[in-house]
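Following the working numbering, the numbering of the sequence shown begins with 1110 at its first residue and continues without gaps. Comments concern the structure below.
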Amino acid sequence: MPAEAPYEGGLRKVARVVLLDPDQRILLLHGHEPDDPADDWWFTPGGGVEGTETREEAALRELVEETGITEVELGPVLWRRTCSFPFAGRRWDQDEWYYLARTTQTAIAATGLTELERRSVAGARWWTCQELTEAHETVYPTRLAGLLRRLLDEGPPARPEVLDTEIV
């Protein structure tokens, strides 16, 4: 598979990871605006494709940088979405692919964060599907609880599901 350019049509190419542990919990990172910790949300690990790397390579690299987790079985792309949001003083327009991954390694050590991530990531937490369903916090993508429930009940889709575009 040829490597993709990091930006295509003005969209930043992003690989995200739906990481499940043996108890079917999902790992989410707790982020916030760098200058306003009260403006916060939860999101899946992942980030932008760099240079000539594939999305799969980006997913695994970002997972290591943001969580320290290296023992991962990377599965198929579950979902794709386009999103646009303000963060750290600029607008981010992204084409995100969400990969399923499984691990038995649940200790988190975010040792590879960028300077911006160090100012805007407040930690990580493993969530059960029930906890996610009952959460009052902001979570991205916004339908993650229902998507996770379907994934756990039915398994991965035959081909990636295209999620609604989210513009914040």
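Even for Gly, the Cβ is constructed at its ideal location relative to N, Cα and C. The model shown is predicted, which means the values in this text are computed figures rather than measured ones.
Assumed close pair residue i, residue j - CB separation to whole angstroms, cut-off 8 Å
i            : j            : result
residue 1249 : residue 1127 : The pair is not a contact, with the Cβ atoms about 12 Å apart (cut-off 8 Å).
residue 1186 : residue 1131 : Not a contact, Cβ separation roughly 22 Å.
residue 1068 : residue 1136 : An answer regarding residue 1068 cannot be provided, because it is not within the stretch 1110 to 1277 covered by the chain.
residue 1196 : residue 1243 : At roughly 26 Å, the Cβ-Cβ gap does not stay under 8 Å, so residue 1196 and residue 1243 are not in contact.
residue 1194 : residue 1271 : That belief does not hold up - the Cβ atoms of residue 1194 and residue 1271 are roughly 18 Å apart, past 8 Å.
residue 1168 : residue 1159 : No, residue 1168 and residue 1159 are not in contact; Cβ-Cβ is about 12 Å, not under 8 Å.
residue 1238 : residue 1261 : 6 Å
Beta carbon of residue i nearer than 9 Å to that of residue j
i            : j            : result
residue 1247 : residue 1192 : no
residue 1216 : residue 1155 : no
residue 1125 : residue 1152 : yes
residue 1138 : residue 1175 : yes
residue 1210 : residue 1129 : yes
residue 1122 : residue 1164 : yes
residue 1219 : residue 1149 : no
residue 1229 : residue 1140 : yes
residue 1173 : residue 1221 : yes
residue 1184 : residue 1266 : no
Burial state of residue i, where buried means 16 or more other Cβ atoms lie within 10 Å
i            : result
residue 1212 : buried
residue 1199 : exposed
residue 1190 : buried
residue 1112 : Bear in mind that the predicted position of residue 1112 carries a pLDDT of just 46, short of 50, making it too unreliable to give a figure here.
residue 1145 : exposed
residue 1147 : exposed
residue 1225 : exposed
residue 1110 : Per-residue confidence for residue 1110 stands at a pLDDT of 40, beneath the threshold of 50, marking its modelled position as unreliable; the derived number appears in the next sentence. Exposed: under 16 other Cβ atoms inside 10 Å.
Fully enclosed by the stretch 1177-1237, which alpha helix (DSSP H) runs are 4 residues long or longer? Given a length threshold of 4 residues, each whole run of the alpha helix (DSSP H) inside the stretch 1177-1237 is given here in chain order: 1224-1229.
In chain order, what are the residue ranges of uninterrupted beta strand (DSSP E) at least 3 long that sit wholly in the stretch 1130-1164? Listed in chain order, they are 1135-1142, 1145-1152 and 1155-1157.
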